[in-house]
Amino acid sequence: MNVARVVAAVRRRVPTWAIPLVVAVRTRVAWSRSAVRADARAQMEFLLEHTRPEADLDRVARDYVRYQVRRGELRWHPELITHLEVEGIELLQEARDQGRGVMLNFVHHGYYDGAFASIGRHGIACRMVVYPYMLEPDAPVWLQQHVAVACAGGGTAVSAAIGTEGMTDLLHRGEVLAIASDVPGRTPMSFAGREVLGSFGAARLATDTNSPVIVMTTVEGPDGPVARLHGPFEPKDHGSPKELLEALLAIHERRQLEEPEATDLPLSRWGTVPVAVP
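Start counting at 1 in the sequence shown, then tack on 812, and there's your number in the numbering used here.
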């Protein structure tokens, strides 16, 4: 057993009552490192510089480090994040019952992995599109656990290597297909007051297959994280895939700016628009 698996085994054995203490200690240790503080500030500045310039960046950055630490610990205690309340589950059920495929759109914010599992416990197994390396046998142990959490409710991780044709086929077969929009792509878009490059995949596939789109977000409720579903968004009600994408991103942007610290590595989620050299 390698070191990573030994560490994972130890983290699984941390009693539930001790998790807040572990998170507090690990957060304090992480925040004491200048490199961690600088990265956290940069991550939060990306979201807040043009949208909430009055925000206390140091406070939000520390909250971000705490959230990242807590996310990392709860991954090893899936029972705490795979039975979330799902607000709006009837929206997804009704969309699926139309007999068409459904696009479940999300971004990397909050406990999205636990949200997929929680949706599955309502009898809706999602097909979640992931990077191919996430399914390799030599993927990092923590990443394997991340995928396992998302699939805990009966869903299946699908390699992006199947391409547009494979994803189109899944939608035509009536599957619920989960695709993130905050992945580096070639589509110019505006997010958090910045011009970035993101993925057009969810909006384009939904339009091409006439599949309704349900947007998935997570929020912190009084009793813990809650998965929240929005929609449905019918492609025919939007003038173009671009307009559909803008409607989806508006929901995600609003949620991220409400709780920026819950965003997972925002700097790695978007491509950079090249700056013209005079």
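The C-beta atom is built at its ideal place from N, Cα and C for all residues, glycine as well.
Using the three-state DSSP reduction, which class does residue i fall into: helix, strand or coil?
i, result
"A816", "helix"
"S930", "helix"
"V919", "coil"
"G884", "helix"
"E802", "With the chain covering only 813 through 1090, there is no way to say anything about residue 802."
"P1037", "strand"
"P1053", "helix"
"T968", "strand"
"P1047", "helix"
"T1021", "helix"
"V941", "strand"
"I936", "coil"
Using 10 angstroms around the beta-carbon of residue i, count the other beta-carbons present and answer buried if the total reaches 16, otherwise exposed.
i, result
"Y876", "buried"
"H958", "buried"
"D909", "exposed"
"E987", "buried"
"R1081", "buried"
"R817", "exposed"
"S993", "buried"
"D870", "exposed"
"S1011", "buried"
"N814", "exposed"
Find the nearest neighbour of residue i within the set the options, judged by alpha-carbon distance.
i, options, result
"I931", "I974, Q905 and A1074", "Q905"
"N1022", "E1032, R998 and S1052", "S1052"
"Q956", "R887, R1067 and G1036", "R887"
"T894", "V953, F928 and R939", "F928"
"C938", "V919, L982 and L1057", "L982"
"A1039", "L1077, A1059 and E899", "E899"
"G926", "V819, L1060, D1049 and T1029", "T1029"
Suppose the cutoff is 6 Å on Cβ atoms and the five residues either side in sequence are ignored; what does the same chain contact list for residue i look like?
i, result
"H1134", "Look at the range of the chain in this structure, 813 to 1090, and you will see that residue 1134 is not part of it."
"I901", "H934"
"L1069", "T863"
"V970", "R939 and V941"
"E1046", "P1024"
Can you find the residues in the same chain that come closer than 8 Å, C-beta to C-beta, to residue i, ignoring five residues on each side of it along the sequence?
i, result
"V872", "M856, L860, P1072 and E1073"
"A907", "V914, P1024, I1026, G1043 and P1044"
"H889", "R824, V826, T828 and I831"
Near residue i, what residues of its chain come up, given a Cβ to Cβ distance below 7 Å and the 5 sequence neighbours on each side ignored?
i, result
"W843", "R849, R874 and V877"
"L903", "I1026, L1041, G1043 and P1044"
**Message:** Which runs of the alpha helix (DSSP H) at least 4 residues long sit entirely within the stretch 972-1018? Give them in chain order.
**Reply:** Runs found: 975-984.
**Message:** So within the stretch 890-914, which uninterrupted alpha helix (DSSP H) runs reach at least 4 residues, ignoring any that extend past its ends?
**Reply:** 901-908
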